[in-house]
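Participant:
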Amino acid sequence: MDLAVWLAFCAAAAVMLLIPGPTILLVIGQSLGGGARNALPLVAGVALGDLTAMTLSLAGWAPSSPPPPRCSPR
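Given below as structure tokens:
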């Protein structure tokens, strides 16, 4: 891989990591509106959901992704 391509990829990945997603914005909003104590169940739910999705993905079970083109019905 060319160094310029790799550096461009690293820059794009860093930018994507800095942009908060909807889940993080929900946690921040809940914390600001009701305090950190009220946001703890939400944080626990987000962590459990992420752990579940990660575990199922690593196990090879990804129902939300489309099938590969060779498996698509014609």
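If you read the sequence shown in my numbering, its first letter stands for residue 1065, the second for the next number, and so on.
Glycine included, each C-beta is placed from N, C-alpha and C at the ideal position.
Being a predicted model, the structure only gives us computed values, none of them experimental.
Comparing C-alpha positions only, which one of Thr1119, Ile1088, Thr1116 sits nearest to Leu1104?
Facilitator: Relative to the Cα of Leu1104, the nearest Cα in the group Thr1119, Ile1088, Thr1116 belongs to Ile1088.
Participant: What's the C-alpha gap between Trp1140 and Met1118?
Facilitator: The question about residue 1140 has no answer, for the chain in this structure spans 1065 to 1138.
Participant: Check for me: the alpha helix (DSSP H) holding Gly1109 runs from which residue to which?
Facilitator: 1100 to 1122
Participant: For Gln1094 versus Leu1106, is the C-beta distance shorter than 7 Å?
Facilitator: yes
Participant: Please list the segments of the alpha helix (DSSP H) lying wholly inside the segment 1070 to 1097, counting only runs of 4 or more residues, in order along the chain.
Facilitator: none
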